[in-house]
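Residue numbers (UniProt numbering): 1 to 139.
Quick reminder that beta carbons are idealized off the backbone N, C-alpha and C, glycines included.
Note that the structure is a prediction, hence the values are computed from the model and not measured.
Notes follow once the structure below has been shown.
Next comes the structure, spelled out in structure tokens:
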């Protein structure tokens with residue numbers, strides 16, 4: 001009888017641990033969704049997009065409704081020209097490449113920090129520099 005009770009207790013304890021770890025990501029996911037909806041209600045679409053993308057990275061399986069919501073918010077961001085805001089760009093690693101969260105395009109912005117010719121005169125160089133853009137569907 002003692003062995004059965006110990007086995008049952010062990011099984012219950014491991015079930016609680018398993019349930020606890022699965023509910024942790026669910027709580028994080030639900031928190032991100034709530035934050036996104038709050039931002040959306042206040043018409044802060046770029047912040048809402050960031051929260052929805054965070055929720056998408058937290059979830060353990062594909063969620064079609066969430067994907068549709070993200071696409072809708074991306075469209076709203078572009079309609080309000082939020083895709084041109086500095087906050088719409090996310091640095092990729094430790095590089096000059098940035099991902100636009102609204103369009104999924106990848107941009108390489110001119111690098112103001114590096115002086116390629118070493119003469120220290122960067123004033124005229126910025127005039128001819130351009131931004132490179134790779135469409136998101138290619139990248």
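- Task: Would you mind listing the alpha helix (DSSP H) stretches within the stretch 21 to 91 that are 4+ residues and don't spill past its ends, in chain order?
- Result: 45 to 58, 64 to 79
- Task: Report the rounded CA-to-CA distance for residue 68 versus residue 133, giving the unit in angstroms.
- Result: 25 Å
- Message: Counting C-beta neighbours from all protein chains within 10 Å, is the total for residue 71 16 or more, i.e. buried, or is it exposed?
- Response: exposed
- Query: residue 101 and residue 90: beta carbons closer than 7 Å?
  - Reply: yes
- Task: Assign residue 140 to one of three DSSP states: helix, strand, or coil.
- Result: Residue 140 cannot be examined here, being either before or after the span of the chain that is shown, 1 to 139.
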